[in-house]
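Protein chains in written order, with the working numbering: chain F, 66 to 204; chain V, 66 to 204.
Where is the CB? At the ideal position from N, CA and C, for every residue including glycine.
In what follows, a structure is listed as structure tokens, so that the remarks can point back to it.
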DNA sequence: ACCCTTATTTAGAATGATTATAATACGCGA
DNA sequence: TCGCGTATTATAATCATTCTAAATAAGGGT
């Protein structure tokens with residue numbers, strides 16, 4: 066499997082320590098993270114790492130389609146280490162994000178935007194309450 | 066048609082000037098707005114209006130399902146005066162939001178969340194570039 | 001392997017949307 | 001009309017993210 070360094074080189078992105086640590090983290094921990102999450106979890110192995118670099122490189126990776134910025138939360142940005150097509154469920158109570166598989170839908174049911182837009186990608190978000198929180202609320 | 070005041074009363078929401086002006090605005094201008102947008106457009110007719118009240122009441126109306134908070138933009142909240150089911154297209158260049166009709170899809174194609182979640186609502190967002198911006202970029 | 005150029009990182013400050021606070025004003029039921 | 005409780009106001013606080021300027025490091029060319 067492609068290493069973080071190989072991936073950066075293949076995309077002609079300059080290989081720096083920040084980028085390698087960040088990308089390794091994302092490749093090893095497929096999931097949904099804020100910049101702060103990642104920052105905290107990388108500090109042990111790279112104490113000089115700067116939060117601004119995390120932000121810069123998350124944005125950079127997003128522009129390259131390596132990860133995806135999720136617009137799920139009001140107060141902070143969340144990045145999805147898995148840029149593949151899938152939907153999300155967000156719990157209004159605990160805030161957790163769950164991945165959902167997209168069903169295969171025949172083309173005739175596709176939403177049509179009448180040639181007015183060039184769509185680069187699509188987000189589907191369900192909101193509500195997850196099982197765990199629902200149980201807690203019924204105590 | 067129901068007036069703003071009638072609507073507030075029917076929902077047992079205390080009728081205040083801020084709320085009436087805000088709700089009137091939203092009923093008269095079905096569209097997508099930031100708190101700041103609305104604030105500026107209401108200042109002529111209500112100079113004492115406070116931005117914090119706009120925020121409070123947008124959140125209140127959202128909780129009552131009268132409007133819908135959109136998670137379309139990174140940097141600021143956008144509210145949709147139309148809480149009915151529809152999708153959105155967001156232009157990455159100009160930031161404009163366009164409404165899209167949702168197609169009717171047979172139930173067998175619905176996304177299944179295996180009973181783990183109680184879904185309250187769904188958001189579908191397409192991103193890309195709109196016709197106008199596309200033309201500008203090709204000059 | 002060593003410069004040199006340029007992009008990146010760093011630390012800290014700045015920004016800006018949103019929320020919190022505390023005092024005042026207002027809605028509305030009695 | 002009175003009085004209670006909630007909403008509004010003005011202002012300050014918060015906090016995620018971006019900006020700035022100086023220091024550092026990557027990597028192409030020699």
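- Contacts with chain V at 8 Å (Cβ-Cβ) do not include residue 151 of chain F.
- Looking at the DSSP output, residue 164 of chain V shares a beta bridge with V:153.
- Look at residue 112 of chain V: its C-beta is not under 8 Å from any C-beta on chain F.
- In the assembly as shown, residue 145 of chain F is a buried residue. Its beta-carbon has 16 or more other beta-carbons within 10 Å.
- An exposed status is given to residue 82 of chain V, since fewer than 16 other beta-carbon atoms sit within 10 Å of its beta-carbon.
- By the neighbour-count definition (other C-beta atoms within 10 Å, threshold 16), residue 87 of chain F is a buried residue.
- If you look at residue 185 of chain V, you'll find it in the beta strand (DSSP E) that goes 182-195.
- Using a Cβ distance threshold of 8 Å, residue 130 of chain F and residue 148 of chain F count as a contacting pair.
- The Cβ atoms of residue 185 of chain V and residue 196 of chain F do not sit closer than 8 Å to each other.
- Annotated three-state conformation of residue 135 of chain V is strand, per DSSP.
- Listed in chain order, the non-local C-beta contacts of residue 118 of chain V below 6 Å within the same chain comprise 83, local neighbours out to five positions each way being set aside.
- In the displayed model, residue 158 of chain F falls within coil according to three-state DSSP, outside both helix and strand.
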